[in-house]
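Visitor:
Protein chains: 6
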Amino acid sequence: MTALTENGPLGLYYEEFDVGQMLVTRGRTVTEADIVQFGTLTGDFNPMHMDAEYCKTSFMGKRVAHGMLGISYAIGQLYQLGVLDGTILAFRELEAKFSVPIFIGDTITIKATVKEKKDAARLGGGMVKFDLRIINQEGKTITKAGITLLMASKPTDEA
Amino acid sequence: MTALTENGPLGLYYEEFDVGQMLVTRGRTVTEADIVQFGTLTGDFNPMHMDAEYCKTSFMGKRVAHGMLGISYAIGQLYQLGVLDGTILAFRELEAKFSVPIFIGDTITIKATVKEKKDAARLGGGMVKFDLRIINQEGKTITKAGITLLMASKPTDEA
Amino acid sequence: MTALTENGPLGLYYEEFDVGQMLVTRGRTVTEADIVQFGTLTGDFNPMHMDAEYCKTSFMGKRVAHGMLGISYAIGQLYQLGVLDGTILAFRELEAKFSVPIFIGDTITIKATVKEKKDAARLGGGMVKFDLRIINQEGKTITKAGITLLMASKPTDEA
Amino acid sequence: MTALTENGPLGLYYEEFDVGQMLVTRGRTVTEADIVQFGTLTGDFNPMHMDAEYCKTSFMGKRVAHGMLGISYAIGQLYQLGVLDGTILAFRELEAKFSVPIFIGDTITIKATVKEKKDAARLGGGMVKFDLRIINQEGKTITKAGITLLMASKPTDEA
Amino acid sequence: MTALTENGPLGLYYEEFDVGQMLVTRGRTVTEADIVQFGTLTGDFNPMHMDAEYCKTSFMGKRVAHGMLGISYAIGQLYQLGVLDGTILAFRELEAKFSVPIFIGDTITIKATVKEKKDAARLGGGMVKFDLRIINQEGKTITKAGITLLMASKPTDEA
Amino acid sequence: MTALTENGPLGLYYEEFDVGQMLVTRGRTVTEADIVQFGTLTGDFNPMHMDAEYCKTSFMGKRVAHGMLGISYAIGQLYQLGVLDGTILAFRELEAKFSVPIFIGDTITIKATVKEKKDAARLGGGMVKFDLRIINQEGKTITKAGITLLMASKPTDEA
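So the sequences go chain by chain: A, B, C, D, E and F.
Under this note's numbering, the first residue of the first sequence carries the number 37, and numbering increases by one thereafter.
Under this note's numbering, the first residue of the second sequence carries the number 37, and numbering increases by one thereafter.
Under this note's numbering, the first residue of the third sequence carries the number 37, and numbering increases by one thereafter.
Under this note's numbering, the first residue of the fourth sequence carries the number 37, and numbering increases by one thereafter.
Under this note's numbering, the first residue of the fifth sequence carries the number 37, and numbering increases by one thereafter.
Under this note's numbering, the first residue of the sixth sequence carries the number 37, and numbering increases by one thereafter.
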């Protein structure tokens, strides 16, 4: 679906996204190392994520991944599909509801569905809104999110 | 404002947050190393962030930090204030609008204002909604966000 | 060229590669942070990479990236094209000649050409040999390499 | 105890520390990932830390964390209490005795007691010497250390 | 064998290597954290390395380390012996055959044998070709490789 | 000076260290990436290290490396000389005085002098106390430290 051109990979232009279209990413296992790296890099040392002893008496019972880790990895996995390669102009909006935690060893996959399109010719393209679902290895939706991306329009000389 | 007890630091309970209250974090400089680490860890290798040559001809003119880096660092900086230490039960909701990019070398500070409180006794506390503003070294608001946290209620024997 | 299926991205099967076919990757800027991370992770603290003072009197005059960094990033960039997604069975052979160094700030792109194919039905597919060229922002070939991958055969029920 | 001002968090001034005062940090679990990251970053690949096979026949029987990891994390945890925020001028002296090792999975907490204060008006404040104890999840003191920090004096117009 | 001089460690000059000479490195345990760090840094998110669920149904049955991780760590371990310290001029050629995978928790040691020497006076020294074997904790050779290094000649005033 | 045996590198035994003996390490350039990685990994986000704007008005005028980074890198560089390989039993004591800061781009070298030896036959060897000096590229001593290591005795069958 994405093109591999002589100038490198090329994602989809604004005009090439269709409402209802669904994209499914690769899976990625969230390891203890991921939580340590994400927590330290961002400075979020919340004991829910970094202190195994504290977690023994917490509601969850064990360490969980940062909510921001889940969403950030989801965007990364989506990017890796190649559909945004060189055609995304800007990341505009994000909203997310965290319902089920990601535990160490869980594997997440993302389902992204094109929810809405809105022309923004003045900005060189249009807004594409995706519904994202982060799904774990048991098929459970752990986070529902929406992102709005400004995608470039197809160059007219290629139309 | 946060307490340093014999059992470690203790953040604020649901009852101790006041609508209108504002929290200001430390500043953090977003370096080239931060962008490399965030991009590789999350898998978001978008050339906007990782390819300096590509960026020369882009709208921005140079590499920018990931939107998710900005928000993730903001949550980390907020956590480091100590007000959530041991009293946060869960991160429930997030919404963000990205307006101005973070360039390499920019320093970000976060202003978090308590916007709304909502009892959730059944869950052991209540929801606290914060308005977040990520502000750069020129005082410009680069991202507006809202987060909703489930904060624990003050134990009755301490009341 | 790669398919985005309901079960995630799907690369090319052995039968779908053609001798002569060329793949071009995204560019990636090799920063000082990359050299520090690669050198420390692998334990190669050679002063050519890690000691700016030493390099002032060296033949190169300044720090250079590890040869292994170049090849490892090249394989990563190739993987990100999606053509190997779920269809690569094993990485079998590698050969490389390093001619021009990568300096801090250089941006590398990889051109991979299918050089040779060889059936290996007993192993479930066949060997695909690629010629790789790592090219810098000036268009100079800095490393020539060859890799041999065992790619899966197309499932017969899909043929 | 630490103040959250309109200009960000504010630690304690030299005058606000009292001999005998004790600070207790959060806990942090030292994972295998922490040892790999610390060992590679600092270049200390001692097989005690990095070679599980070697350790099977060693006195300890398994990999242990670097002594410097313990002390460095302790300083980090102490910093995160907020008491040094914007009021520390310099880190002057350190001494440490390592008695019990940190194993993978151990959780460390730091108890810091103000041991001594010494005016250093010429330097803009005074020296505060802390006794540090790094304590594991079993309550065992694994490292005793002392650090001397130059803390700023309270601005006179605030006195 | 390597010298520790007043100006730092000093490796072997071209003239000091003998065909047939064997060097054995330290062992290094390849942890889950290593695979996460290597895969993210290089951008090789192949599910063979990063998706534990996918691997359950793969030929290997579980996640394996990247081939490039094995070779890169081998070069790092070889460097740490000190024999190349300040005497290596350039890394010229590499070839490798990957036969047995490295699983999480395996410990690798490298045996490097001087295979061939070739004068290159014009370049200030000569080529030294090493045969490398990466060996796991069971004594199995998992990768055979060859590297060609340009080593400096002994300064005549020291001869 | 260190031996490269058939079983890997072998450092010096307790009996092989001489009072007065001096060891000089390789140099290592401390980059902005090092400070980001050390600060985030250890959790020490002190604005002296992480906030370039704050530093503009500080005594130093710019960001400085963590004192613990300097000492931790020094131990790593010392380890890489090979003299401790397989012969160090434990790291016992550390003391350090920080006088001059390490700025981004500085290159540090370590001079370690054997100061004192003390038999500890009951522990299988003896204590070796080293004086360490961390020296920058201008030859200035930036940190003076002392470390006490428990080194193994030479096996009697080798004596």
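Here a beta-carbon is modelled for each residue, glycine too, at the ideal position from N, C-alpha and C.
For my contact list, threonine 177 of chain A and glutamine 116 of chain A are in at a C-beta cut-off of 8 Å; report their separation, rounded to the angstrom.
Guide: At roughly 21 Å, the Cβ-Cβ gap does not stay under 8 Å, so threonine 177 of chain A and glutamine 116 of chain A are not in contact.
Visitor: Taking only beta-carbon atoms, is valine 55 of chain E less than 8 Å away from chain F?
Guide: Chain F contact via Cβ: absent.
Visitor: Could you pull out every residue in the same chain whose Cβ sits closer than 8 Å to the Cβ of phenylalanine 134 of chain C, ignoring the five residues on either side in sequence?
Guide: Only Gly103, Gly106, Ile178, Thr179 meet the Cβ criterion.
Visitor: Under the three-state reduction of DSSP, which class applies to alanine 195 of chain F: helix, strand or coil?
Guide: At alanine 195 of chain F, the pLDDT of 45 sits below 50, so the modelled position is not reliable and the matter cannot be decided from this model.
Visitor: Quick check on DSSP: helix, strand or coil for methionine 104 of chain F?
Guide: Helix at methionine 104 of chain F.
Visitor: Under a three-way DSSP split, which group does phenylalanine 53 of chain C fall into?
Guide: DSSP places phenylalanine 53 of chain C in coil when its eight states are reduced to three.
Visitor: Are there 16 or more other CB atoms within 10 angstroms of the CB of glycine 175 of chain E, so buried, or fewer, so exposed?
Guide: Exposed, by the Cβ-count rule.
Visitor: Considering only DSSP beta bridges, list what glycine 118 of chain E is partnered with.
Guide: For glycine 118 of chain E, which the question treats as bridged, DSSP gives no partner whatsoever.
Visitor: Between the alpha carbons of leucine 46 of chain A and aspartate 80 of chain B, how many angstroms are there, rounded?
Guide: Cα-Cα distance, rounded: 16 Å.
Visitor: Only counting the same chain, and skipping five residues up and downstream in sequence, which positions put a Cβ closer than 7 Å to that of glutamine 214 of chain E?
Guide: Because chain E in this structure spans residues 37 to 195, residue 214 of chain E falls outside the shown range and cannot be described.
Visitor: What separation, rounded to the nearest whole angstrom, lies between the Cα atoms of asparagine 82 of chain E and glutamate 51 of chain E?
Guide: The alpha-carbon atoms of asparagine 82 of chain E and glutamate 51 of chain E are separated by roughly 43 Å.
Visitor: Taking C-beta to C-beta, are valine 150 of chain A and methionine 187 of chain A nearer than 8 Å?
Guide: No; because the gap between Cβ atoms is not below 8 Å, this pair is not in contact.
Visitor: By Cβ distance below 6 Å, which residues in the same chain neighbour phenylalanine 53 of chain B in space, the five residues on each side in sequence not counted?
Guide: These residues qualify, in order along the chain: Val150, Val164.
Visitor: Is valine 72 of chain A a contact residue of the ligand GDP, with contact defined as CB to any heavy atom under 7 Å?
Guide: By its list of ligands, the structure shown contains no ligand whatsoever, and the ligand GDP lies outside what it can speak to.
Visitor: Is it buried or exposed, glycine 97 of chain C, if we count other Cβ atoms within 10 angstroms and call 16 or more buried?
Guide: When all chains shown are included, glycine 97 of chain C counts as exposed.
Visitor: Rounding to the nearest angstrom, what Cα-Cα distance links threonine 192 of chain A and glutamate 131 of chain A in this structure?
Guide: Roughly 33 Å between the two C-alpha positions.
Visitor: Enumerate, from N- to C-terminal direction, the unbroken beta strand (DSSP E) stretches of 3 or more residues contained entirely within the region 54-103 of chain D.
Guide: Fully enclosed beta strand (DSSP E) runs of 3 or longer: 58-60.
Visitor: So is alanine 195 of chain A in contact with chain D if we call contact Cβ pairs under 8 Å?
Guide: Unreliable positioning characterises alanine 195 of chain A in this predicted model, as indicated by a pLDDT of 44, which lies under 50. The coordinate reading is nonetheless provided below. So no, alanine 195 of chain A is outside the interface.
Visitor: Short of 6 Å in beta carbon distance, which residues of its chain neighbour alanine 101 of chain B, apart from the five on each side in sequence? Order them along the chain.
Guide: The answer, listed in chain order, is Val66, Ile71, Ile138.
Visitor: Could you check whether threonine 145 of chain B and glycine 63 of chain B sit closer than 8 Å to each other, using their CB atoms as the reference points?
Guide: Contact flag set, yes.
Visitor: Nearest-angstrom Cα distance between leucine 40 of chain F and valine 136 of chain E?
Guide: So the alpha carbons of these two residues sit roughly 27 Å apart.
Visitor: Can you give me the C-alpha to C-alpha distance between leucine 114 of chain E and alanine 148 of chain E, rounded to a whole angstrom?
Guide: Taking the straight line from one Cα to the other gives about 8 Å.
Visitor: Give me the chain B residues within the contact set of aspartate 167 of chain D, using Cβ-Cβ distance strictly less than 7 Å, ordered along the chain.
Guide: Correct list: empty, because the minimum Cβ distance to chain B is about 16 Å.
Visitor: Taking the CB atoms as reference points, tell me whether glycine 118 of chain B and glycine 118 of chain D lie closer together than 8 Å.
Guide: Going by C-beta atoms, glycine 118 of chain B is nearer than 8 Å to glycine 118 of chain D.
Visitor: Please identify the residue among A:Arg99, A:Ile170, A:Arg169, A:Phe127 whose C-alpha is closest to the C-alpha of isoleucine 140 of chain A.
Guide: Nearest of A:Arg99, A:Ile170, A:Arg169, A:Phe127 to isoleucine 140 of chain A, Cα basis: A:Arg99.
Visitor: For glycine 182 of chain E, I'd like the list of residues in its chain whose CB is within less than 8 Å of its CB, leaving aside the five on either flank, ordered along the chain.
Guide: Answer for glycine 182 of chain E: Glu129, Leu130, Glu131, Ala132, Lys151, Lys165, Phe166, Asp167, Leu168, listed in chain order.
Visitor: Check the Cβ-Cβ distances between glycine 175 of chain F and every residue of chain C, and say whether any is below 8 Å.
Guide: No - not a single Cβ of chain C is within 8 Å of the one on glycine 175 of chain F.
Visitor: What beta strand (DSSP E) runs, 3 residues minimum, are completely inside the region 129-161 of chain C?
Guide: For the region 129-161 of chain C, whole beta strand (DSSP E) runs of length 3 or above, ordered along the chain, are 143-156.
Visitor: In chain F, which residues lie with their C-beta within 8 Å of the C-beta of glycine 79 of chain D?
Guide: In chain order: Arg64, Tyr109, Gly112, Gln113, Tyr115, Gln116.
Visitor: Once DSSP output is grouped into helix, strand and coil, what is the label at glycine 47 of chain C?
Guide: Note: glycine 47 of chain C maps to coil in three-state DSSP.
Visitor: Step through the CB atoms of chain C and report whether any lies within less than 8 Å of the CB of valine 72 of chain B.
Guide: Yes, contact with chain C.
Visitor: Skipping 5 residues on each side, what residues in its chain have a beta carbon closer than 8 Å to that of arginine 158 of chain C?
Guide: The answer is none, since no qualifying residue turns up.
Visitor: Is the Cβ-Cβ distance between phenylalanine 74 of chain F and leucine 77 of chain D less than 8 Å?
Guide: Yes, these two residues count as a Cβ contact at 8 Å.
Visitor: Ignore the nearest five residues each way along the sequence and tell me which others in alanine 23 of chain B's own chain have a CB closer than 6 Å to its CB.
Guide: Any question about residue 23 of chain B goes unanswered here, given that chain B covers just 37 to 195.
Visitor: Going along chain F in order, which residues have a C-beta closer than 9 Å to the C-beta of glycine 160 of chain B?
Guide: The contacting residues do not exist; glycine 160 of chain B stays about 28 Å from chain F at best.
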